[in-house]
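Below is one structure, written out as structure tokens; comments come after it.
Residue numbers (the numbering used here): 10 to 794.
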């Protein structure tokens with residue numbers, strides 16, 4: 010039967026006959042002991058045949074079932090089969106067409122063939138010669154589509170392949186193919202799922218064994234590439250916090266540190282030479298990968314201290330001139346490769362230096378970084394930095410150098426930050442910042458990011474430094490950068506870091522505050538606030554930062570006249586802007602207000618939607634309630650305290666709506682206290698706490714007093730909106746008359762100043778006066794009878 014089937018289908022299988030062929034193969038498999046069906050399995054490599062163009066769609070489910078059955082069939086027979094390989098043939102029976110090239114691969118994704126082939130690995134323990142063919146098939150399948158990778162991972166394929174990768178292999182293909190499959194699963198499958206499957210202790214030990222073996226036996230190009238692939242897989246596993254790699258961390262750390270820093274640039278060791286650690290491109294890639302692997306393995310930083318990893322990393326970030334000193338005729342990394350290693354070392358230092366501050370300071374890490382920063386900054390001067398060659402690299406080096414300094418200063422360790430200040434870091438950073446700002450790198454995203462990071466670093470250093478010198482820089486950036494807040498390329502971060510510099514480097518020092526006020530710093534902050542308010546979108550963070558800075562500046566009495574005298578382009582005043590921000594904030598919070606801005610619910614004058622929805626929650630005694638937490642989460646408290654400094658009377662430029670809002674702002678603290686007491690009362694009732702009569706009466710009176718305050722506030726609102734229209738018209742006439750009188754007085758004064766300042770003007774004025782006098786006399790005489 011099988012021979013007849015073979016003779017009939019020697020050019021391929023018709024799609025409409027696949028269901029019957031699968032049934033025949035199933036019967037033969039159950040009855041034939043010698044497995045002669047191997048003869049026909051070779052035909053499975055041939056493409057499927059179709060009679061009509063619609064056959065591919067009509068028989069898609071039959072093909073999927075056939076491929077799934079083929080996978081189950083492969084568990085019982087010799088695996089000298091590649092189910093996705095096609096052979097070229099030139100003679101097709103008349104009337105038949107070959108299916109499209111991707112047809113079989115598309116239907117393979119819908120079948121469970123990849124999963125079944127993976128499970129068949131258990132049947133190959135005693136057949137090592139067949140394992141490479143199976144792995145080759147899985148490698149092609151995993152490289153073909155994401156769906157195949159998902160099917161393999163569903164059967165825990167990553168774990169299965171990893172556990173079998175070190176088994177005896179006469180062909181030498183099992184380890185490379187296993188590595189390629191794992192790389193395909195990482196690239197096309199779920200990376201987190203692969204990492205989870207490879208994080209078991211058995212898989213970690215298998216990876217370590219494979220890496221150690223290939224490290225010692227690597228001699229050819231393919232071996233070096235395989236070593237790097239295994240190192241990449243190990244890095245992914247190390248990044249998993251639940252990885253069992255931590256169990257054998259000590260061995261890994263020592264091995265990696267030895268490999269990374271064993272190649273001396275002047276005299277390579279014999280051991281390093283035996284391991285093949287020469288100046289090949291694959292070894293260069295391995296060094297970068299090892300530097301990257303030091304980051305997830307930094308949990309064992311105590312081992313790094315023993316191996317002097319910090320010193321080795323600082324050696325890599327030395328000035329390029331120092332790095333390029335080599336013996337004449339000796340081999341070494343190229344200058345481009347040295348720069349790449351330097352960048353990777355800086356990235357590694359960013360993660361490791363905060364964990365090893367003692368070693369970092371012992372080896373003078375700040376000095377290394379400041380020297381490198383100065384070298385990078387030298388390219389800002391002259392034409393060398395503007396040249397295309399090396400321009401991007403120098404900026405990237407500077408950016409990562411600043412990031413390392415940030416990582417150590419942000420720890421808040423006083424002696425580290427003081428060491429930077431003693432070495433003149435503040436002056437050096439300010440000089441770099443002003444140089445970059447003068448060259449106006451407005452469209453350079455990296456340059457803008459560098460300036461932003463420098464400002465954040467200055468903010469940290471200026472918090473403890475007594476000689477703050479950032480006022481001029483902050484004023485210049487505020488003056489030029491406010492209008493670019495929404496221009497993209499990181500300008501929003503730059504202006505926010507500038508405001509942070511104002512708060513850290515200016516606020517708190519009276520002399521510098523006065524200089525900042527003299528240079529119209531408050532006006533610049535209010536200009537930024539109005540720009541953010543007009544655009545609204547994404548400006549909440551700007552409102553909070555600017556208002557916090559203005560609030561701290563209000564401790565200086567010289568700030569208040571600046572706040573009251575500021576006007577925007579339309580004549581709007583600072584108090585009115587603050588009240589508009591208040592209304593916008595309440596609208597976003599969902600606070601109930603009527604159409605005039607008045608209070609709707611006297612019992613809940615400040616309550617927002619979130620507090621209403623979460624009012625049933627209970628909080629432990631050591632946690633703040635919703636009413637208290639709400640104070641720090643929005644702008645209303647900041648606006649209230651700014652008005653507390655300004656006062657609530659005789660504020661310029663307010664409308665009736667503003668006065669209604671101002672009356673709510675004025676009572677904000679009273680309302681908030683009442684809200685806290687209302688929460689307390691509600692909590693007492695919920696917990697069924699019995700109160701003494703005096704306590705209960707006091708609690709009731711407090712809540713009633715808060716409600717009375719709200720009612721009085723509403724009465725004021727009604728009085729403002731029910732003013733007699735005639736009285737309003739009378740006041741408007743008085744205001745117009747008063748302003749006209751002021752204009753006439755100003756004109757008279759200007760005329761007097763002109764006459765007393767210029768003799769020519771005085772003569773003209775006298776002549777005009779005489780002419781007017783004679784005209785009046787002449788007119789009078791004409792009017793007499």
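Glycine residues also receive a C-beta, built at the ideal position from the N, C-alpha and C atoms.
{"Asked": "Runs of alpha helix (DSSP H) lying entirely within the segment 453–517, each at least 4 residues, in chain order", "Found": "454–471, 480–490 and 500–514"}
{"Asked": "8 Å Cβ shell around residue 491 - same chain, five flanking residues per side excluded", "Found": "504, 533, 536, 537 and 540"}
{"Asked": "Cut-off 6 Å between Cβ atoms - residues of its own chain near residue 218, not counting five sequence neighbours on either side", "Found": "175"}
{"Asked": "Collapsed DSSP secondary structure at residue 28 in the structure displayed", "Found": "helix"}
{"Asked": "Three-state class that DSSP yields for residue 304 in the structure shown", "Found": "coil"}
{"Asked": "Counted within 10 angstroms of its Cβ, other Cβ atoms place residue 752 as buried (16 or more) or exposed", "Found": "exposed"}
{"Asked": "Contact under 8 Å by Cβ, residue 640 with residue 575", "Found": "no"}
{"Asked": "Under the three-state DSSP convention, the category residue 782 falls into", "Found": "helix"}
{"Asked": "Rounded separation between residue 273 and residue 342 - CA only", "Found": "For residue 273, the predicted model reports a pLDDT of 43, less than 50, meaning its position is unreliable; a value from the coordinates is still stated below. Approximately 11 Å between the Cα atoms of the pair."}
{"Asked": "Candidates 543, 597 and 594: closest to residue 577 by CA position", "Found": "543"}
{"Asked": "Buried or exposed (CB count within 10 angstroms, at least 16 for buried), residue 279", "Found": "Reliability fails at residue 279, whose pLDDT of 47 lies under 50, so the model's placement of it is uncertain and no value is given."}
{"Asked": "Whole-angstrom distance between residue 765 and residue 602, CA atom to CA atom", "Found": "59 Å"}
{"Asked": "Cα-Cα separation, residue 182 to residue 156", "Found": "25 Å"}
{"Asked": "Where the alpha helix (DSSP H) containing residue 346 begins and where it ends", "Found": "344–361"}
{"Asked": "Residue 686 - containing alpha helix (DSSP H), residue span", "Found": "677–695"}
{"Asked": "Close-in-space but distant-in-sequence residues of the same chain around residue 353 (CB under 7 Å, 5 per side omitted)", "Found": "297, 300 and 301"}
{"Asked": "CB of residue 502 within 8 Å of CB of residue 468, strictly", "Found": "no"}
{"Asked": "DSSP bridge partner residues for residue 576 (one or two, in chain order)", "Found": "582"}
{"Asked": "Close Cβ partners of residue 763 (< 7 Å) along its chain, the five nearest in sequence each way excluded", "Found": "770"}
{"Asked": "Proximity winner among 666, 658 and 133, relative to residue 589 (alpha-carbon distances)", "Found": "666"}
{"Asked": "Continuous alpha helix (DSSP H) stretch holding residue 315: start and end", "Found": "310–315"}
{"Asked": "Straight-line gap, residue 610 to residue 720 (C-alpha atoms, nearest Å)", "Found": "9 Å"}
{"Asked": "Residue 442 classed as buried or exposed, judged by whether at least 16 other C-beta atoms fall within 10 angstroms", "Found": "buried"}
{"Asked": "Backbone CA spacing between residue 563 and residue 379 [nearest angstrom]", "Found": "37 Å"}
{"Asked": "Beta-carbon gap between residue 587 and residue 681 smaller than 8 Å", "Found": "no"}
{"Asked": "Three-state secondary structure assigned by DSSP to residue 613", "Found": "coil"}
{"Asked": "C-alpha distance - residue 707 paired with residue 713, whole-angstrom precision", "Found": "10 Å"}
{"Asked": "Same chain, Cβ closer than 7 Å to residue 141, neighbours up to 5 away in sequence not counted", "Found": "180, 182, 183 and 186"}
{"Asked": "4-residue-minimum alpha helix (DSSP H) runs that sit fully inside the segment 162–186, ordered along the chain", "Found": "166–172"}
{"Asked": "Nearest candidate by alpha-carbon position, reference residue 305, set 788, 569, 254 and 403", "Found": "254"}
{"Asked": "Proximity winner among 440, 138 and 146, relative to residue 125 (alpha-carbon distances)", "Found": "146"}
{"Asked": "Neighbourhood of residue 657 by C-beta, 8 Å cutoff - its chain only, sequence neighbours within 5 removed", "Found": "671, 674 and 675"}
{"Asked": "Enclosing alpha helix (DSSP H) for residue 141 [first to last residue]", "Found": "140–153"}
{"Asked": "Extent of the continuous alpha helix (DSSP H) to which residue 374 belongs", "Found": "374–386"}
{"Asked": "Any alpha helix (DSSP H) of 4 or more consecutive residues that is wholly inside the segment 410–453", "Found": "423–431 and 434–447"}
{"Asked": "Euclidean distance between Cα positions of residue 568 and residue 488", "Found": "18 Å"}
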